[in-house]
Structures are given as structure tokens and as C-alpha cells.
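In order, the protein sequence lines correspond to chains A and B.
Start counting the first sequence at 0; every next residue gets the next number (numbering that gives the first Met the number 0).
Start counting the second sequence at 0; every next residue gets the next number (numbering that gives the first Met the number 0).
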Amino acid sequence: MRISNSDDGITVCLTGEIDHHSARAMRESIDAAIQMKKPSVLRLDFSGVTFMDSSGIGLIMGRYRLMALYGGIVRVINVPEELERMMLLSGLNALDITEKRSEQFETAK
Amino acid sequence: MKPQNEMNIIFDSRSSNEGFARSAVSAFVTQLDPTVGELNEIKTAVSEAVTNCVVHAYADRIGKVFINVRISDNSLVTVKVRDKGCGIADVKQAMEPLFTTAPSEERAGLGFAVMQSFTDKLRVRSSVGKGTTVTFQKRLSCRVNNV
Chain A
0 MRISNSDDGI TVCLTGEIDH HSARAMRESI DAAIQMKKPS VLRLDFSGVT FMDSSGIGLI
60 MGRYRLMALY GGIVRVINVP EELERMMLLS GLNALDITEK RSEQFETAK
Chain B
0 MKPQNEMNII FDSRSSNEGF ARSAVSAFVT QLDPTVGELN EIKTAVSEAV TNCVVHAYAD
60 RIGKVFINVR ISDNSLVTVK VRDKGCGIAD VKQAMEPLFT TAPSEERAGL GFAVMQSFTD
120 KLRVRSSVGK GTTVTFQKRL SCRVNNV
């Protein structure tokens, strides 16, 4: 996992497998970064994620709530095809935080 | 149906074993030459079932998790994940999407919904104080018959 800062927020590149076991450490590092910087945008980049069960959904929802406390937003980017079904099943679409691949070039500016 | 091939594993309900469990099942099923998608779906379902054992069945202790995988009919995979934990009082409620008894652990309440969606058939049997058995089946597209 890699956390980098940009002008408007934090980008977290998640890597490897996300399950109940690994999500705990990810959650702690991300929350520490959020609390330090209080960014307006938290980008969760899933391009390096090779496996994810519903713990990944819990991870996104939890960060969504924490960011909302600071008035910030979460963007979920670069979701690999294998994970799309899980994202869809979770109902996260209703929050409108997942960026389609085609939209990413515009928002990256 | 008589299985053509079968395997059993027993391990402690430690969260560090979640990855082991799905990898072990996945390795066993690989002999059927499943697609990447099918394998991913089985791994995800196993991960959800085992996480339930770790988080719920043995919430305050470490217990044993039993996994039995059977291959029959050349392409039918049956996975049983069993625990001797606390059991589920209301299985129907537990299986409702978004229902969770562990919000503090950031559980999304999607475990059973995922198992249901990623497999062909799901059955949950539970007895309070005795444990739970989750059984799911998946028929693979099976491009070879090499069992």
C-alpha cells in the first residue's frame, strides 16, 4: 500500500489481497493519514488489488463515513474488472463515488 | 452423489488463516481447469464463509474451522465450511443483505449475499451453541475431464 499527497487530497494505492485480515492494517494507515491531513478528497486506487472480498466494501464505507465527518469525499478509482461484480453487489453505486475508467483522465487534471 | 475427489482441512479461526483457506480450496479446484472468474468466485465465497467463523462463530475465542471440498460429476464443486461456534439464532435475518452484528469491525453485512451471488446454490444450517455449516455448490464450465 502506498499513500501519496497531492494539492487537493490523498491518494492511496491499495495492493495485494483485501480480506478481513489485511483490511485492518490498511484501515489504520489510511485513517492516520486522513486525520493528519484532513484532505478534501481521498482517492482509493484499486489497480494493484488482486483479490477482494466484502471486507473491501467495509473498508470503502468506513472511509466514506470518516471523510464525511471532515466534509471530504471519497473517490474509488481503477477498479479491476474482477472486482466490479463485488462493487456492484455492494450497492456502492448509489453513493456515486466510483469513477468509470473513461472519466479518470478528466478528473486527473 | 459419490464424490470423485475430496479434501478436508482443519485450521484455527485466526484471521491470518483466511488467505490460507481460500488458497487451499482454490489449489484443489484448479485440477478442474476453472476459468479465472470461476476460481475468483470460489475464493471469494470461501473467504466470506471463513471470515464469518472468525468474526462471528468464534467471536471471543479461537476455535476450529473445518472445510470439506468435493468434486463430483467432473465439474460440480461442493464446499462445506463448518464451525463449532455460537451458532446463528435467526438464519433468515443473518442472510439479509446489509444485516450485520459486527458494525464496529466494519463488516458490510454482505457475506451471505456474496456467497449466494457467486455460487449456484447456498445452504446454511445452524444450531445455537453448537455451530454452523455453510454449504455452497458451483458447477464449473470444465474444459477438461481429468479428475
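A virtual CB, placed ideally from N, CA and C, is assigned to each residue, including glycine.
Give the residues of chain B in contact with residue i, contact being defined as C-beta atoms less than 7 Å apart.
{"i": "Ile56 of chain A", "result": "Ala107, Leu109"}
{"i": "Gly61 of chain A", "result": "Glu105"}
Mind checking if residue i is an interface residue toward chain E, Cβ cutoff 7 Å exclusive?
{"i": "Asp18 of chain A", "result": "Annotation note: the requested chain E is absent from the structure, which comprises protein chains A and B."}
How far does the alpha helix (DSSP H) with residue i in it reach, from first residue to last?
{"i": "Asp95 of chain A", "result": "Looking at the DSSP string, Asp95 of chain A is not in any alpha helix (DSSP H), and its letter there is neither H nor E."}
{"i": "Arg21 of chain B", "result": "16 to 28"}
{"i": "Lys36 of chain A", "result": "19 to 36"}
{"i": "Arg84 of chain A", "result": "80 to 89"}
Which residues in the same chain have their Cβ closer than 7 Å to the Cβ of residue i, if we skip the five residues on either side of it in sequence?
{"i": "Leu13 of chain A", "result": "Met0, Met25, Leu43, Asp44, Phe45, Gly47, Val48"}
{"i": "Ser14 of chain B", "result": "Val53"}
Ordered along the chain, which non-local residues of its own chain (more than five positions away) have a Cβ less than 8 Å from that of residue i?
{"i": "His55 of chain B", "result": "Gly84, Cys85, Ile87, Thr100, Ala101"}
{"i": "Leu91 of chain A", "result": "Ile56, Ile59, Met60, Val75, Thr97"}
{"i": "Met51 of chain A", "result": "Glu16, Ile17, Asp18, Phe45, Leu82, Met85"}
{"i": "Lys42 of chain B", "result": "Arg21, Ser22, Val24, Ser25"}
Can you name the start and end residues of the beta strand (DSSP E) that residue i belongs to?
{"i": "Met51 of chain A", "result": "40 to 51"}
{"i": "Val35 of chain B", "result": "Where Val35 of chain B is concerned, there is no enclosing beta strand (DSSP E), although the alpha helix (DSSP H) it sits in stretches over 35 to 51."}
{"i": "Lys120 of chain B", "result": "120 to 126"}
{"i": "Gly71 of chain A", "result": "Where Gly71 of chain A is concerned, there is no enclosing beta strand (DSSP E), given that its DSSP letter is neither H nor E."}
{"i": "Ser3 of chain A", "result": "1 to 4"}
{"i": "Arg138 of chain B", "result": "130 to 138"}
Listing by chain order, which chain A residues have their CB less than 8 Å from the CB of residue i?
{"i": "Val113 of chain B", "result": "Asp52, Ser53, Met85, Leu88"}
Could you list which residues in chain B have their beta carbon closer than 8 Å to that of residue i, in chain order?
{"i": "Glu81 of chain A", "result": "Val35, Gly36, Asn39"}
{"i": "Arg196 of chain A", "result": "The requested residue 196 of chain A is not part of the displayed model; chain A covers only 0 to 108."}
In chain order, what residues of the same chain have a beta carbon less than 6 Å from the beta carbon of residue i, not counting five sequence neighbours either side?
{"i": "Leu139 of chain B", "result": "Leu31, Pro33, Glu37, Ser74"}
{"i": "Ala107 of chain A", "result": "Its pLDDT being 43, under 50, Ala107 of chain A is placed unreliably by the model, and nothing is read from it."}
{"i": "Asn16 of chain B", "result": "Phe10"}
{"i": "Ala22 of chain A", "result": "Ser54, Leu58"}
{"i": "Asp7 of chain A", "result": "Ser39, Val40"}
Since residue i meets chain A, which of its residues come closer than 9 Å, beta carbon to beta carbon?
{"i": "Val123 of chain B", "result": "Per Cβ cutoff of 9 Å: no residues; Val123 of chain B is ~16 Å from chain A at best."}
Under 7 Å between beta-carbons, which chain A residues line up against residue i? List them in chain order, please.
{"i": "Val53 of chain B", "result": "His19"}
{"i": "Glu47 of chain B", "result": "Asp52, Ser53"}
{"i": "Ser14 of chain B", "result": "His19, His20"}
>> With three or more C-beta pairs closer than 8 Å as the rule, is the segment 75 to 94 of chain A touching the segment 103 to 121 of chain B?
In response: yes
> Is it a yes or a no for the segment 32 to 41 of chain A touching the segment 70 to 80 of chain A, going by three-plus beta-carbon pairs under 8 Å?
Replying inline: yes
> At a cut of 8 Å, does the segment 71 to 84 of chain B reach the segment 27 to 38 of chain A through at least three beta carbon pairs?
Replying inline: no
> Does the segment 58 to 65 of chain B come close enough to the segment 3 to 19 of chain B to have 3 or more Cβ pairs within less than 8 Å?
Replying inline: yes
> Whole alpha helix (DSSP H) runs in the segment 55 to 115 of chain B with 4 or more residues, listed along the chain?
Replying inline: 90 to 93
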